[in-house]
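The opening position of the sequence shown corresponds to residue 3 in the working numbering, with each subsequent residue numbered one higher.
Every residue, glycine too, gets a C-beta built ideally from N, C-alpha and C.
Notes for the one structure printed next.
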Amino acid sequence: MTENIPAPSALLPAVQGNNKNVIVIGGGVTGVVTAWELQRAGYKVFLVESKSLGNGSSSRSAAAIRAQFSTPSTVRGMKFCEEFYEAWTTMMKSEESPISQNGYLFLYGYSCNKKALLGRVEMQQQAGLSEVRWLEPSEIEEKFPYLETTGVIGATWYPKDGFLYPHLIYQDGAEAARALGAEVIQNDGVASATVTDGNVVEVTLRSGRKIPADYVVNAANSWAPDVSNIFGGVILPIANRRRYLYFLNGLKDQGEDFGLMAEDFATLPMIITPNGGYCRPDNKQLMMGWLQFTEPVKPDFDEQDLIEPGFSANDMTGYGAAVRKEIGAYLLAASEVGRMDAVTSGYYADTPDHNPLIGHDPNVGNLIHVCGFSGHGLMHAPFSARIVSEILAAGKDLATICLGDYGEVDLTPYRINREFHCAEGMVI
Ligand SMILES: Cc1cc2nc3c(=O)[nH]c(=O)nc-3n(C[C@H](O)[C@H](O)[C@H](O)COP(=O)(O)OP(=O)(O)OC[C@H]3O[C@@H](n4cnc5c(N)ncnc54)[C@H](O)[C@@H]3O)c2cc1C
Numbered sequence: 003m004t005e006n007i008p009a010p011s012a013l014l015p016a017v018q019g020n021n022k023n024v025i026v027i028g029g030g031v032t033g034v035v036t037a038w039e040l041q042r043a044g045y046k047v048f049l050v051e052s053k054s055l056g057n058g059s060s061s062r063s064a065a066a067i068r069a070q071f072s073t074p075s076t077v078r079g080m081k082f083c084e085e086f087y088e089a090w091t092t093m094m095k096s097e098e099s100p101i102s103q104n105g106y107l108f109l110y111g112y113s114c115n116k117k118a119l120l121g122r123v124e125m126q127q128q129a130g131l132s133e134v135r136w137l138e139p140s141e142i143e144e145k146f147p148y149l150e151t152t153g154v155i156g157a158t159w160y161p162k163d164g165f166l167y168p169h170l171i172y173q174d175g176a177e178a179a180r181a182l183g184a185e186v187i188q189n190d191g192v193a194s195a196t197v198t199d200g201n202v203v204e205v206t207l208r209s210g211r212k213i214p215a216d217y218v219v220n221a222a223n224s225w226a227p228d229v230s231n232i233f234g235g236v237i238l239p240i241a242n243r244r245r246y247l248y249f250l251n252g253l254k255d256q257g258e259d260f261g262l263m264a265e266d267f268a269t270l271p272m273i274i275t276p277n278g279g280y281c282r283p284d285n286k287q288l289m290m291g292w293l294q295f296t297e298p299v300k301p302d303f304d305e306q307d308l309i310e311p312g313f314s315a316n317d318m319t320g321y322g323a324a325v326r327k328e329i330g331a332y333l334l335a336a337s338e339v340g341r342m343d344a345v346t347s348g349y350y351a352d353t354p355d356h357n358p359l360i361g362h363d364p365n366v367g368n369l370i371h372v373c374g375f376s377g378h379g380l381m382h383a384p385f386s387a388r389i390v391s392e393i394l395a396a397g398k399d400l401a402t403i404c405l406g407d408y409g410e411v412d413l414t415p416y417r418i419n420r421e422f423h424c425a426e427g428m429v430i
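Okay, here's the thing in structure tokens:
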């Protein structure tokens, strides 16, 4: 049993039943945490998953979590998420913690503006990350002797960032929601709906089962546009792009000649290279990823694991080799030792600015979308669930909410009908 860390002070109080049915569609991390939050807020929740829990991107993710973001609101929201996951075993009454806080190390090269990066660190400190700091190359070498810093002007480092274990979140989270009274329905997707006077009144599942609805939450991420369509909802601007993760075996025991001791391996932080390559430990393997240009695809349950030509783990001139080369330029052991063991794939449900879509559907009054998470959905889930809970209770979208001690957060970047301007720089 892990330590009993108290729930974040900003957690909303549990409320007695209000007899309103909420149907949450999608049994990934977003749907599960939202189901728990809403059941706890007193609603009668039906969590409906087409296949089994974790069928979508939640089980195919790099699962990293960071509070190092570029706007104060997102920093506060993500700090809340990290503390939510830290307190998970207490809140969910489960055995295992779903978070490893090995830290996040963003390396920056000479094309970066150091003054602007120092300004961002200061903003993050003011937004609540007291331990975030800038590291000069000499400090990087001292703290992480296995890293090569040629071409690096410095790094930002926050020790409370890290990575998650998604299966613990969707399995134990669903169990906790069930214990509070939610019904978790698997292998039975939402197929059709009755919408009267602009509100959903009933949802019909593939099996023919009908569930009366007071509210519907669309947490189907890549499939959210199809789900919205079932209800006559708005066209959601989500484009699905295939992303790959590569797994390198052998570094744990063979990295010593390159400064990477066996005992360092388990505590390796999430390392992000100046060009956006990233890696972290995953049991005995090193998980590696990067962001390649890719055309959108139509999401298909059965094609999530498809590996396109040129992306296999053992193609010596393919994308996997390029990912390894990018990581190996900084973590030398990764280029010199070990063997590429595996590659996995999954969908990023991208919006034009890489921020999610969270809010009421403009056409269907009691339909709330919480989707389009690009590369952030796992880390964002507690914050997403909290936003859904607050706007559902308010009956309308809100410009801001107060996250207790964390401070006020701006919700306008997530509005469904926003104009898309700039993108959150990194999507890892
Ligand atoms: C390679 C890769 C790396 C990533 N790295 C990170 C990372 O480091 N950190 C991070 O936070 N995020 C990361 N992400 C993104 C993250 O995994 C997703 O944003 C997150 O898992 C989305 O969770 P979700 O619950 O919203 O959606 P999903 O997990 O995709 O769940 C949606 C669910 O809806 C169900 N569904 C669809 N249609 C219906 C229907 N009609 N009825 C009922 N159910 C339906 C599906 O079966 C599916 O289970 C990564 C993703 C990939 C692919």
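Residue i Cβ short of 6 Å to ligand 1 heavy atom set
i	result
Phe233	no
Gly164	no
Phe436	With the chain covering only 3 through 430, there is no way to say anything about residue 436.
Lys53	yes
Trp90	no
Leu293	no
Thr32	yes
Asn242	no
Ser60	yes
Asn23	no
Met381	yes
Phe375	yes
Val192	yes
Trp38	no
Val218	no
Val26	no
Arg245	yes
His378	yes
Asn189	no
Alpha-carbon spacing of residue i relative to residue j, whole angstroms
i	j	result
Gly19	Thr275	49 Å
Glu305	Thr353	21 Å
Pro10	Ala323	42 Å
Thr198	Asp216	12 Å
Pro384	His362	18 Å
Pro168	Met318	31 Å
Phe86	Ile101	10 Å
Leu170	Gly234	34 Å
Gly427	Asn115	With a pLDDT of 49 at Gly427, under the threshold of 50, the predicted position of this residue should be treated as unreliable, and no value is reported.
Thr414	Met290	33 Å
Lys212	Asn57	23 Å
Leu166	Glu265	20 Å
Asp21	Asn368	Reading off the sequence, residue 21 comes out as Asn, not Asp. When rounded, the distance between both Cα atoms is 16 Å.
Thr73	Gly320	36 Å
Met3	Asn231	Residue placement at Met3 is flagged as unreliable, the pLDDT there being 49, under the threshold of 50; the coordinate-derived value follows with that caveat. Between Met3 and Asn231, the C-alpha separation is close to 44 Å.
Ala396	Leu40	13 Å
Thr269	Ala66	14 Å
Ile25	Met93	22 Å
Asp174	Ser99	10 Å
Phe108	Leu394	36 Å
Val35	Gly330	36 Å
Beta-carbon spacing of residue i, residue j below 7 Å
i	j	result
Arg245	Tyr350	yes
Gly156	Trp136	yes
Ile27	Val154	no
Pro147	Gly261	yes
Thr158	Pro139	no
Ser391	Ala43	yes
Gly33	Ala221	yes
Ser240	Val50	The amino acid at residue 240 is misidentified as Ser; the sequence shows Ile. No, the Cβ-Cβ distance between Ile240 and Val50 is not below 7 Å.
Val236	Val218	no
Ala184	Val47	yes
Ile360	Tyr416	yes
Asn242	Pro301	yes
Pro161	Gly79	no
Asp355	Phe422	yes
Ser54	Val31	no
Residue(s) in a DSSP beta bridge with residue i
i	result
Met342	Leu250
Thr333	One detail in the question is off: residue 333 reads as Leu in this sequence, not Thr. Leu333 is bridged to Leu149.
Lys46	Asn23
Thr158	Phe108 and Trp136
Leu40	BP columns for Leu40 are empty, so no partner.
Gly257	For Gly257, which the question treats as bridged, DSSP gives no partner whatsoever.
Ala2	Outside the modelled stretch of the chain, which goes from 3 to 430, sits residue 2, for which no answer is possible.
His371	Asn220 and Gly361
Gly164	Ile67
Ligand 2 heavy atom lying under 6 Å from the CB of residue i
i	result
Val345	Ligand 2 is not part of the structure shown, which contains ligand 1 as its ligands.
Next on the checklist: So within the segment 49–133, which uninterrupted alpha helix (DSSP H) runs reach at least 4 residues, ignoring any that extend past its ends?
Outcome noted: 74–88, 90–94 and 116–128
Item to check | 4-residue-minimum alpha helix (DSSP H) runs that sit fully inside the segment 185–252, ordered along the chain | outcome: 226–232
Item to check | Any beta strand (DSSP E) of 3 or more consecutive residues that is wholly inside the segment 261–289 | outcome: 272–274 and 280–284
Checklist entry - Which runs of the beta strand (DSSP E) fall wholly inside the segment 383–420 and span at least 3 residues, in chain order? => result 402–404 and 410–412
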